[in-house]
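These notes concern the structure reproduced below.
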Amino acid sequence: MQKNLLIIATGGTIASNKTKKGLSPTSTGDDLISQIAGLPEDCRLHVLQLMNIDSTNMKPDGWMAIQKAIAENYDTYDGFVVLHGTDTLDYTAAALSYLIQNSPKPIVITGSQKPMSHPYTDAKINLYQSILYALDSGSCDVSVVFGGRVIAGTRSRKQRPRSFAGLPSMNFPLRGRVQDGGIIRVFPADKPFGPVRFYDHLEGNILSIKLIPGMTPDFFRLLKEQYQGIILEAYGLGGIPNFDRSYEEAIFDWIHSGKILVITTQVPEEGCDFSVYEVGHIYHNHPLILEAGNMTLEAISAKLMWALGQTKELGKIRELFYRRINFDC
-18 MQKNLLIIAT GGTIASNKTK KGLSPTSTGD DLISQIAGLP EDCRLHVLQL
32 MNIDSTNMKP DGWMAIQKAI AENYDTYDGF VVLHGTDTLD YTAAALSYLI
82 QNSPKPIVIT GSQKPMSHPY TDAKINLYQS ILYALDSGSC DVSVVFGGRV
132 IAGTRSRKQR PRSFAGLPSM NFPLRGRVQD GGIIRVFPAD KPFGPVRFYD
182 HLEGNILSIK LIPGMTPDFF RLLKEQYQGI ILEAYGLGGI PNFDRSYEEA
232 IFDWIHSGKI LVITTQVPEE GCDFSVYEVG HIYHNHPLIL EAGNMTLEAI
282 SAKLMWALGQ TKELGKIREL FYRRINFDC
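Residue numbers (our numbering): -18 to 310.
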């Protein structure tokens, strides 16, 4: 049976070429697809050139444009492949995981560390394998396919800027591998039941702040007028300075004023646990504080934007944030 895939091109390294000012995305999605050989004969590819930007310039309204393109074409195609720059690919994959839920059709995000025009590029294999994965009947939901790995959309994080294996799965098993023209499923997801759910609201009024030694908590007061939520990147398993009560006072003033606080760790692997050390224990299981567990910063950011886009009531935000979506916690 013939399958139809929609290729959504957004730019990025995969579409870049050399210019006097450095690499810039100038190739179209059609240009990229034309260089992929060996695709199954029962597959028809259609290209939508949604934008052509360096992914450094991707913003939440770009995520919404991708979501809208998929929603408008969902009934027409059997799967979707989004071509994206790697610098913010993980944010987009996480955002799409929350904006498009319960999808029985695969939504695959991929890119490359070298442009398609580079003689030793990884772009061809990544695009080829992404198409193979999107064609497979066992694929569903939002995934990243990169370097032969299939990663849940909420678990990808760029760890290396040059290596072809630069996007590992963080704190969670791979969903699978694409190898020798076939799919090896390691941690497959069950096909969703019921209709796909599209969400069309995000609240981007949040900020991530990383603690450094000697830093004072004055930023809570200074940011109160401008931001609705803060993601605080604490030390280790979730340590926050307690040599005096300044952080404690600033944090509780922030949350008691109706603002949102998510606490995570700045250590990329293995997650946080505020119950272990005294320097974090006061915040553990507090009803007004959200704990991020072993989620990536990219997933935390996108999920908080999504939750705030649905409601401003803390109890409901808490329920949405702790709801398990696409293996995110």
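Glycine included, C-beta positions come from ideal geometry on N, C-alpha and C.
Exercise. According to the neighbour-count rule (16 or more other Cβ atoms, all chains shown, within 10 Å of its Cβ), is Phe127 buried or exposed?
Worked result: buried
For this session: Check the C-beta distance from Ser189 over to Ile212 and give it rounded, since I have them as a contact under 8 Å.
Result: Their Cβ separation, rounded to whole angstroms, is 4 Å, which keeps Ser189 and Ile212 in contact under 8 Å.
Problem set entry | Opening and closing residue of the beta strand (DSSP E) in which Ser189 lies | 187 to 191
For this session: Alpha carbon to alpha carbon, how far is Met286 from Ser111? Give it in angstroms, no decimals.
Result: Their Cα atoms are separated by approximately 27 Å.
Problem set entry | Closest Cα partner of Lys(-16) within the set Asp199, Asp56, Ala133, Thr292 | Asp56
Exercise. Since Pro87 is in the beta strand (DSSP E), which residue starts that stretch and which ends it?
Worked result: 87 to 91
Exercise. Does DSSP put Gln82 in a helix, in a strand, or in coil?
Worked result: strand
For this session: Please name the residue, chosen from Ser8, Leu289, Asn275, that lies closest to Arg299 on a Cα-to-Cα basis.
Result: Leu289
For this session: Kindly indicate which three-state DSSP category Lys95 falls into: helix, strand or coil?
Result: coil
Problem set entry | Beta-carbon proximity check, Ala104 vs Ile(-5), cutoff 7 Å | yes
Problem set entry | Between the CA atoms of Phe224 and Thr91 - distance to the nearest angstrom | 45 Å
Exercise. When the distance is taken between beta carbons, is Ile81 closer than 7 Å to Val28?
Worked result: Ile81 sits away from Val28, with the two beta carbons spaced by 7 Å or more.
For this session: Return the residue from the list Tyr208, Lys205, Arg136 that minimises the CA-CA distance to Pro154.
Result: Selected option, being the one with the closest Cα: Arg136.
For this session: Within the same chain, show all residues whose beta-carbon is closer than 6 Å to that of Ser98, passing over the 5 residues directly before and after it, in chain order.
Result: Asn(-2)
Exercise. The beta strand (DSSP E) spanning Arg158 covers which residue range?
Worked result: From DSSP, the beta strand (DSSP E) with Arg158 extends over 157 to 160.
Problem set entry | Limits of the unbroken alpha helix (DSSP H) element including Ala231 | 227 to 237
For this session: Under 6 Å Cβ to Cβ from Pro222, same chain only, skipping five residues before and after it: list those, please.
Result: Tyr228
For this session: Mind checking who Tyr216 pairs with in its DSSP beta bridge?
Result: Gly220
Exercise. Which one of Asn83, Leu295, Tyr109 has the shortest CA to CA distance from Ser15?
Worked result: Tyr109
Exercise. Which runs of the alpha helix (DSSP H) spanning at least 4 residues fall entirely within the segment 5 to 67, listed in chain order?
Worked result: Within the segment 5 to 67, the runs of alpha helix (DSSP H) at least 4 residues long that lie entirely inside it are, in chain order, 10 to 14, 41 to 54.
Exercise. At what residues does the beta strand (DSSP E) containing Ser124 begin and finish?
Worked result: 122 to 127
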